[in-house]
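In this note's numbering, the protein residues as written are 124 to 631.
Ideal Cβ positions, reconstructed from N, Cα and C, are used throughout, including at glycine.
Predicted model only: the values in this text are computed from it and were never measured.
In structure tokens:
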């Protein structure tokens, strides 16, 4: 058989030749340079503060503090400044992520991060006086960095913009790819093309069996075909792509959200034509790059910044670890009760949806007879067992999901993971349902503490979207506290009813 000489094979070789080391990828270079600048500016600022403190500059020019605030600290100043530097770098690390920001957004994010630094250092100083930085030194450090860091990151973004790798368009229909190319304002590095989807027919577009493509619009011939959708991961790994535009006919789980997941893994921006804006979590209007045309909107691939993601994950690990340890004693009795009450397995396995439409298995203590499963939201479960009814009322059937939280498949707080079969109904009712797919599912959420289930799917979706837009660590804590209180009151109410059934009148 003759060698494959079509455009895809040719572009594959060209792509490999120009790939280079992934370490030198522009986004990685940006991370290294921005991180080095962050550490360098912080170190220079702390060194200047150290010199000023050592020479009594703050004491001679005390305007907003007393002399007692300058000296008299019992700690070692270099150690204090070292702790300050570490906290500052960790709190501002999210600014090193290569993404488009307005100047005002950069300034706001920097000031917010430095306020976190101030609060963290005040907390450290409260518990350990030897690490409390003098007030004058702290104010000087925060003040200098409030000016230096925004200037650094704004300048760095302008530098990054000049060396941006441009845009890659992916799709399965040449006419859609052409429309996306015309809408894009940044330079097009090429496109990834797979055969036309049968659900979006284009009779005059043909795909050659030798890897070449017939029926390609004339305007597309000036751009390089870098391969098919199946090679997107390899393309992003080896080429300098800043933004991907998925020119697909619908926002399906397999192709569209598969593209989003791949882009998320490679930290690549994604923008779409406005026809799909109801199915995705879009960026705020002000966060969309000014270079983009109005026909394109940016997708908010990561609603949480780095610090909040780290805090959320640590909270998940702590919650799951404590929960698994505390509930270990009741696991065996529950398993025995389930086996004695009815035939069937102890655990119930169900496929649920997680981020970007991916699926994962969720395990719960079985509360129904095996044939009692129904995909329709709100349908009465007539086959709930006696033990299952108790487990549901006390929420003990959810305990195995703590393991999913521990392994990172779920979070403590987030939109409840929907059953994949159930979602077929929900997506049909609401196009915006897929906006939930941009965050990790949770054991509990805003909808659950407001006692809204899939029976009222529209209200549930509104609660979920409200959570996504406002999520933070303290918001999660409030939801968890309310959920724990609800579980406690449910258990207390169940105990009171059992006492009433056994002794007549329940205690008031």
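(message) Closest to residue 231 by C-alpha separation, out of 243, 241, 218, 242, would be which residue?
(response) 218
(message) Quick check: the Cα distance between residue 615 and residue 257, rounded to an integer number of angstroms?
(response) 51 Å
(request) Decide if residue 592 is buried, meaning its Cβ has at least 16 other Cβ atoms within 10 Å, or exposed. (result) exposed
(request) Would you mind listing the alpha helix (DSSP H) stretches within the region 333-405 that are 4+ residues and don't spill past its ends, in chain order? (result) 355-361, 379-388
(message) Among the candidates 364, 446, 488, 533, whose CA atom is the shortest distance from the CA of residue 607?
(response) 446
(message) Short of 7 Å in beta carbon distance, which residues of its chain neighbour residue 599, apart from the five on each side in sequence? Order them along the chain.
(response) 435, 438, 535, 536
(message) Suppose only complete runs of 3+ residues qualify. What are the beta strand (DSSP E) ranges in the region 581-620, listed by chain order?
(response) none
(message) Buried or exposed, going by whether 16 or more other CB atoms sit within 10 Å of the CB of residue 573?
(response) exposed
(request) Hey, could you find the ends of the alpha helix (DSSP H) residue 532 is sitting in? (result) Careful: residue 532 lies outside any alpha helix (DSSP H) and carries neither H nor E.
(message) Here's the rule: buried if 16 or more other CB atoms are within 10 angstroms of the residue's CB, otherwise exposed. What is residue 538?
(response) buried
(message) Can you check which of these residues, 289, 400, 298, is closest to residue 310 by C-alpha distance?
(response) 289
(message) Please state the DSSP three-state secondary structure of residue 179.
(response) coil
(request) Spatial neighbours of residue 168 within its chain, please: CB distance less than 7 Å, with the 5 preceding and 5 following residues excluded, ordered by chain position. (result) 264, 267, 268, 271
(request) Identify every residue that forms a DSSP beta bridge with residue 291. (result) 313, 367
(message) For a test of the three-state rule: what should DSSP assign to residue 456, helix, strand or coil?
(response) helix
(message) Counting C-beta neighbours from all protein chains within 10 Å, is the total for residue 531 16 or more, i.e. buried, or is it exposed?
(response) exposed
(message) Three Cβ pairs or more, each shorter than 8 Å: is that satisfied between the region 581-591 and the region 520-528?
(response) no
(message) My assumption, with CB atoms under 8 Å, is that residue 561 sits in contact with residue 423. Please give the rounded CB distance.
(response) 7 Å
(request) Determine contact between the region 370-382 and the region 291-309, defined as no fewer than three beta-carbon pairs at a distance below 8 Å. (result) yes
(request) Could you tell me how far apart the beta carbons of residue 229 and residue 155 are, in whole angstroms, since I believe they sit closer than 8 Å? (result) The Cβ separation is near 19 Å, so there is no contact.
(message) Less than 8 Å between C-beta atoms, sequence neighbours within five positions excluded: which residues of the same chain meet that for residue 246?
(response) none
(request) Would you identify the three-state DSSP class for residue 419, choosing helix, strand or coil? (result) strand
(request) Using a threshold of 8 Å, state whether the C-beta atoms of residue 488 and residue 470 are closer than that. (result) yes
(message) Which residues does DSSP list as the beta-bridge partners of residue 473?
(response) 485
(message) Helix, strand or coil for residue 256? Go by DSSP, reduced to three states.
(response) coil
(request) Answer with buried or exposed for residue 238, where buried requires no fewer than 16 other C-beta atoms within 10 angstroms of its C-beta. (result) exposed
(request) Using 10 angstroms around the beta-carbon of residue 373, count the other beta-carbons present and answer buried if the total reaches 16, otherwise exposed. (result) exposed
(request) Might you give, ordered along the chain, the residues of its own chain that have their beta carbon closer than 6 Å to the beta carbon of residue 387, omitting 5 neighbours on each side? (result) 424
(request) Counting only the same chain and skipping the five closest in sequence on each side, list residues whose C-beta sits under 8 Å from that of residue 468. (result) 489, 493
(request) Determine the extent of the beta strand (DSSP E) in which residue 565 is found, giving its start and end residues. (result) 565-567
(message) Rounding to the nearest angstrom, what Cα-Cα distance links residue 645 and residue 481 in this structure?
(response) No statement about residue 645 is possible, as the shown extent of the chain runs from 124 to 631 and does not include it.
(request) Identify whether residue 553 lies in helix, strand or coil by the three-state DSSP scheme. (result) coil
(request) Within 10 angstroms of the Cβ of residue 455, are there 16 or more other Cβ atoms? Answer buried if so, exposed if not. (result) exposed
(message) Which residue wins for smallest C-alpha separation from residue 274, given the options 301, 570, 234, 179?
(response) 234
(request) Under the assumption that residue 394 contacts residue 419 (Cβ atoms under 8 Å), give the Cβ distance between them as a whole number of angstroms. (result) 5 Å
(message) Report the CB separation of residue 555 from residue 398 in whole angstroms; it is logged as a contact under 8 Å.
(response) The Cβ separation is near 14 Å, so there is no contact.
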